[in-house]
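Trainee: Position 55 of the sequence shown, counted from 1, bears residue number 55 in full-length UniProt numbering, the numbering being contiguous throughout.
One structure follows; several queries about it will come next.
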Amino acid sequence: MTMTKPTLRQLPAEILMLVMQHLSVDDLLACRLVCRRLGSLVLQPEVWCRRQLGDDKPCLCAVLCLAPCLDKVVFSNKVHTKAFTMTRCAVRHLTLHIKKGTECAQACVAVLKQELLGRLRSVELEVWHSPEDVAPLDSGEALLKTLVSCSSGLESLDLHDGLPRPYTMRPVLHGPLRSSLTYFRCEISEASETFVNTVLAGHAASLEEVHLGSGDCKKDTFQLFVGVPNLRSLTCLMFPGMQVLASCQKLRDVSFYADDRIPEPVVRGAAKFFRLARKLRSVSVEFCYSEGDRRRFMELLEALCSSGESLEQLSVVCPPNLPPLLRALPRLPALQLLGVLVTTLIDPLPDGQEKERHKFLVGITPATAPSLRRLELSTNDTLGCLHEWLHRDAVARVLTANPSLHIHVWGTHGCNFLRWRRQRYCEACAMGCHREATGNFEEDEERRVGLFSHGPGKCTHPEDHVTGDKWTWIHIHCNSD
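Okay, structure coming up:
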């Protein structure tokens, strides 16, 4: 019995469209010329609905004329922007790259067009501003007012770097007709304050994740957080009266910035919030280096521990000192991830600080941190060698005591002694082991190293073995005797 292969005409349309989803954009455009059937199928939404196009595609204008929909597209001056104002292609995620104020008017029309088409759910705005840009401000304000008043179901509004001053000279007064945003990011500043406040007030009923960066949060802004029903994640500078955040019953993840400008009453308000918020899952606090930070650090940790039974992740950026953090661990029994970031890890320190650093690592045990499975360490050290650090007693002891622990390290270097001490290798590198750590990572600031001690196939949390081009994993053989 012979089997005959089906012809193109015999294949179901569903099968053809499934194959077409994996073709390149150029091939899809060429399908119009193959036959009438493919020319008809290439116009179906199923072929395009998952496709994402950047502004580097020379065929983007043709796609906007042909495709009925796209998942994501980038608006920029690399493309004929009029194509965005005339298209009938409904986009789900729209990214706006604005390099000149004169582009704001067409970007505004593009947003209005997509809102009218009814599929728009996410907008990202990136503005590159130069002092030479003397475009009329009305276009920039029109774009902002369009973004803040979108009422067609916009769920995400992301302004990566906030707004430069020339685009927000006058207050934004009119908000959306209904609440729809669940995600909002904008660096708050004097220039963006009214814009941010309008978004927060207009979408208070639906907002779940808000990132305001490290700018000053004034009274008019923080009062808008009172009782926000669905807020679960917040990033902002510590502000006066932070205890109002405890009224957000679903708030679980918080990231706060603390610097020298913050007065003592603000710290007390933050401590009060930590005492009242008993369901926090993730906390991140970033400090500046100053003498006053040590006392603030201890006060905040003490407050966090009083209600920290549910805390699973804790990250401290620029920790003023380590002993209070070590003392806090036993009172955080659910802690799974601990981050100690932007701190001296490898560089030589005075004896007292060196002992403090050693005691911190060896003090992490199943008794002090029973649930800990990941320790994240980052540093801006410039003199020390990562390989030499791997051979330190504290590293072996913490991995021996915690066989399920994974240590993630970044911001480190390989052996730099050739530059600083006029010799080729440090003692550890001269041994020839751990060749993964002997390279100089100075040229790759995003390089990350993972350490583990468990045997192959014995990892209880494989998700902590993060993979990717930037990652190097090193198995540390520890003596458990």
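We put the beta carbon where it would ideally sit given N, CA and C, even for glycine.
Predicted model, so just to flag it, every value in this text is computed and none were measured.
1) Just the Cα atoms here: how many angstroms apart are P462 and G339?
2) Using a threshold of 8 Å, state whether the C-beta atoms of N402 and T365 are closer than that.
3) Mark K219 as exposed unless 16 or more other C-beta atoms lie within 10 angstroms of its C-beta, in which case mark it buried.
4) Specify whether the stretch 70–87 and the stretch 30–44 touch according to this definition: at least 3 beta carbon pairs, one from each stretch, less than 8 Å apart.
5) Would you please state the rounded distance, in angstroms, between the beta carbons of L163 and A204? I believe it to be under 8 Å.
6) How long is the line joining the alpha carbons of R185 and P265, rounded to whole angstroms?
7) Could you check if V134 is buried or exposed, using at least 16 other CB atoms within 10 Å of its CB as the buried criterion?
8) Contact check, R281 vs L311 under 8 Å by CB: the rounded distance?
9) With the cut-off set at 8 Å, would you say L386 and I407 are in Cβ contact?
10) Under the three-state reduction of DSSP, which class applies to H358: helix, strand or coil?
11) Should C89 go down as buried or exposed, given a rule of 16 or more other Cβ atoms within 10 Å for buried?
12) Over what stretch of residues does the alpha helix (DSSP H) that includes L332 continue unbroken?
13) Using CA coordinates, which residue listed in S378, L314, G215 and K82 is at the minimum distance from W410?
14) Scan the stretch 291–317 and note each continuous alpha helix (DSSP H) run of 4 residues or more that stays entirely inside, going in chain order.
15) I'd like the list of long-range same chain contacts for F287, defined as Cβ closer than 8 Å, with 5 residues on each side in sequence excluded.
16) When you compare the CB positions of V283 and V254, do they come within less than 8 Å of one another, or not?
17) List in chain order: all unbroken beta strand (DSSP E) runs of 3+ residues lying wholly within the stretch 68–141.
18) Which whole runs of the alpha helix (DSSP H) in the stretch 260–288 are 4 residues long or more, in chain order?
19) Just verifying my parser: in three-state terms, what is the DSSP assignment at C65?
20) Where does A430 land, buried or exposed, given buried means 16+ other C-beta within 10 angstroms?
21) Is the beta carbon of R121 less than 8 Å from the beta carbon of S156?
22) Once the 5 residues before and after D26 are set aside, which same chain residues still bring their CB inside 8 Å of it?
23) Closest to T235 by CA distance: which of T194, E187, S206 and G202 is it?
24) Considering only residues of the same chain and omitting the five flanking positions on each side of L212, which have a CB-CB separation below 6 Å?
25) Near M242, which residues of its chain fall below 6 Å by C-beta distance, leaving aside the five closest residues on each side in sequence?
26) Does the separation of the CB atoms of C305 and R331 fall below 8 Å?
27) Just to confirm before moving on: does the CB-CB distance between L96 and V123 stay below 8 Å?
28) Among P333, E388 and E209, whose alpha-carbon lies nearest the alpha-carbon of A369?
29) When DSSP builds the beta bridges, which residues end up paired with V254?
30) Got a sec? Which residues, its chain only, sit under 6 Å from T182 by beta carbon, not counting five neighbours each side?
31) Taking T198 as the reference, give the member of C248, S179, C426 and L399 with the closest Cα.
32) With a threshold of 8 Å on Cβ separation, who are the neighbours of G39 within its own chain once the five nearest residues in sequence on each side are excluded?
33) Kindly provide the ranges of any beta strand (DSSP E) runs that are 3 or more residues long and lie completely inside the stretch 374–411, ordered along the chain.
34) Could you check where the beta strand (DSSP E) with R185 kicks off and where it finishes?
35) How about C478 and L390: are their beta carbons less than 8 Å apart?
36) At what residues does the beta strand (DSSP E) containing T472 begin and finish?
Mentor: In terms of the structure at hand:
1) Walking along the sequence shown from the start, residue 462 turns up at place 462. Walking along the sequence shown from the start, residue 339 turns up at place 339. The straight-line gap from Cα to Cα measures roughly 19 Å.
2) Counting from 1 along the sequence shown, the entry for residue 402 is found at position 402. Counting from 1 along the sequence shown, the entry for residue 365 is found at position 365. For the 8 Å CB-CB criterion, N402 and T365 form a contact.
3) Sequence index remark: in the sequence shown, residue 219 carries index 219 (1-based). Residue burial annotation: K219 is exposed, with fewer than 16 other C-beta atoms found within 10 angstroms of its C-beta.
4) Here the stretch 70–87 does not lie against the stretch 30–44, with fewer than 3 beta-carbon pairs under 8 Å apart.
5) The residue labelled residue 163 in the question sits at position 163 within the sequence shown. The residue labelled residue 204 in the question sits at position 204 within the sequence shown. So it is not a contact: roughly 21 Å between Cβ atoms.
6) The residue given as residue 185 occupies position 185 in the sequence shown. The residue given as residue 265 occupies position 265 in the sequence shown. Within the model, the alpha-carbon separation for R185 versus P265 is close to 27 Å.
7) Reading the sequence shown from its first residue, position 134 is the one you call residue 134. Its pLDDT being 48, under 50, V134 is placed unreliably by the model, and nothing is read from it.
8) Translated into positions along the sequence shown, residue 281 becomes position 281. Translated into positions along the sequence shown, residue 311 becomes position 311. Sure, about 7 Å apart at Cβ, within 8 Å.
9) As a working note, residue 386 is residue 386 in the sequence shown. As a working note, residue 407 is residue 407 in the sequence shown. In this structure, I407 does not lie closer than 8 Å to L386 by Cβ.
10) What you label residue 358 is simply residue 358 of the sequence shown in a count that begins at 1. H358 sits in a helix when the DSSP states are folded into three classes.
11) Residue numbering aside, residue 89 sits at position 89 when the sequence shown is read from its first letter. Under this definition C89 is a buried residue.
12) Indexing the sequence shown from 1 puts residue 332 at position 332. Boundaries for L332: no alpha helix (DSSP H) harbours it, and the DSSP string shows neither H nor E there.
13) Here residue 410 is taken as the residue at index 410 of the sequence shown, counted from 1. When C-alpha distances from W410 are compared across S378, L314, G215 and K82, the shortest belongs to S378.
14) Annotation: the stretch 291–317 contains the following complete segments of the alpha helix (DSSP H) (minimum length 4 residues), in chain order: 291–306.
15) Start at 1 with the first residue of the sequence shown, and residue 287 comes out as number 287. So the qualifying residues of the chain are A258, D259, D293, R296, F297, V316, V317, C318, P319 and P320.
16) Here residue 283 corresponds to residue number 283 of the sequence shown, with the count starting at 1. Here residue 254 corresponds to residue number 254 of the sequence shown, with the count starting at 1. Against a cut-off of 8 Å, the Cβ pair of V254 and V283 comes out as a contact.
17) If we require 3 residues or more, the beta strand (DSSP E) runs fully inside the stretch 68–141 come out as 69–75, 90–98 and 122–127.
18) Fully contained in the stretch 260–288 are the following alpha helix (DSSP H) runs of length 4 or more, in chain order: 264–276.
19) For the purposes of this step, residue 65 is taken as the residue at position 65 of the sequence shown. In the structure shown, C65 sits in a helix (DSSP, three-state: H, G or I).
20) Against the sequence shown, residue 430 aligns to sequence position 430. Per the 10 Å Cβ criterion, exposed.
21) Along the sequence shown, one-based indexing puts residue 121 at 121. Along the sequence shown, one-based indexing puts residue 156 at 156. Going by C-beta atoms, R121 is nearer than 8 Å to S156.
22) Here residue 26 is taken as the residue at index 26 of the sequence shown, counted from 1. The answer, listed in chain order, is C59.
23) The residue you call residue 235 lines up with position 235 of the sequence shown. Per the Cα distances, E187.
24) Here residue 212 is taken as the residue at index 212 of the sequence shown, counted from 1. Excluding the 5 residues flanking it on each side, L212 has same chain C-beta neighbours closer than 6 Å at I188 and C236, in chain order.
25) Position 242 of the sequence shown, counting from 1, holds the residue named residue 242. Result list for M242: G269, A270 and F273, in chain order.
26) Counting from one through the sequence shown, the residue named residue 305 turns up at place 305. Counting from one through the sequence shown, the residue named residue 331 turns up at place 331. Contact flag set, yes.
27) Locating residue 96 in the sequence shown gives position 96, where the first residue counts as 1. Locating residue 123 in the sequence shown gives position 123, where the first residue counts as 1. With contacts defined by Cβ atoms closer than 8 Å, L96 and V123 form a contacting pair.
28) Taking the first residue of the sequence shown as position 1, residue 369 is located at position 369. Of the candidates P333, E388 and E209, the one whose C-alpha sits nearest the C-alpha of A369 is P333.
29) For the purposes of this step, residue 254 is taken as residue 254 along the sequence shown, with counting starting at 1. DSSP, once it has assigned bridges, lists L234 and V283 as partnering V254.
30) Taking the first residue of the sequence shown as position 1, residue 182 is located at position 182. Beyond the five residues adjoining it in sequence on each side, T182 comes within less than 6 Å, by CB distance, of E155, S206 and E208 in the same chain, given in chain order.
31) Counting from one through the sequence shown, the residue named residue 198 turns up at place 198. That would be S179, whose Cα lies nearest to the Cα of T198.
32) On the sequence shown, residue 39 is found 39 positions in, with the first residue counted as 1. Spatial neighbours of G39 in its own chain (CB-CB distance under 8 Å, excluding positions within 5 residues in sequence) are listed in chain order as C31, R32 and L33.
33) Listed in chain order, the complete beta strand (DSSP E) runs (minimum 3 residues) inside the stretch 374–411 are 374–378 and 406–410.
34) Taking the sequence shown and counting its residues from 1, one reaches residue 185 at position 185. Membership of R185 in the beta strand (DSSP E) is indicated by the continuous run Y183 to C186.
35) Position 478 of the sequence shown, counted from the first residue, corresponds to residue 478. Position 390 of the sequence shown, counted from the first residue, corresponds to residue 390. It is not a contact, given that the beta carbons lie outside the stated cut-off.
36) Your numbering for residue 472 matches position 472 in the sequence shown. In this chain, the beta strand (DSSP E) harbouring T472 covers W471 to H475.
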